[in-house]
Amino acid sequence: MSGLIFQTLLAAGLTAYPAFGDSALVTRPIDAKPRVEASVDHGPIIELVVGCGRGTAIVSYSKLERLYCGPDQKCDGDFAKVVARACGS
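Residues in the sequence shown are numbered consecutively from 161, following this note's numbering.
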């Protein structure tokens with residue numbers, strides 16, 4: 161049974177991050193606090209995938225300018241402010 165579930169998820173192209181407690185079979189509560197689920201280093205820019213209560217947001221961090229930028233194109237040095245805007249809280 162678990163092999164069938166794994167093959168279905170693999171075919172769907174779903175990526176789960178079990179190191180962060182995420183799984184395709186486990187859902188988080190809607191009121192969960194935002195957290196960084198993954199990061200991708202692109203040299204001078206780091207992309208952070210932030211899990212919000214009802215989805216995800218991508219926040220970028222500039223190593224040169226030391227600023228976090230959200231999907232709304234607004235940047236700030238305070239990570240919490242950018243995440244709050246990105247997650248809609």
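We put the beta carbon where it would ideally sit given N, CA and C, even for glycine. Predicted model, so just to flag it, every value in this text is computed and none were measured.
If we ignore side chains and look at the alpha-carbon of each, how far apart do I248 and Y221 end up?
Ile is not the amino acid found at residue 248; the sequence shown has Gly there. Spanning the two alpha carbons is a distance of roughly 19 Å.
### Query
Which runs of the alpha helix (DSSP H) spanning at least 4 residues fall entirely within the segment 184-247, listed in chain order?
239-247
### Message
Please identify the residue among Q233, D238, L224 whose C-alpha is closest to the C-alpha of I206.
### Response
Of Q233, D238, L224, the residue nearest in Cα terms is L224.
Find the nearest neighbour of V210 within the set F239, I218, D236, judged by alpha-carbon distance.
I218
* Asked: By the 10 Å Cβ neighbour count, where 16 or more other Cβ atoms means buried, how is A240 classified, buried or exposed?
  -> exposed
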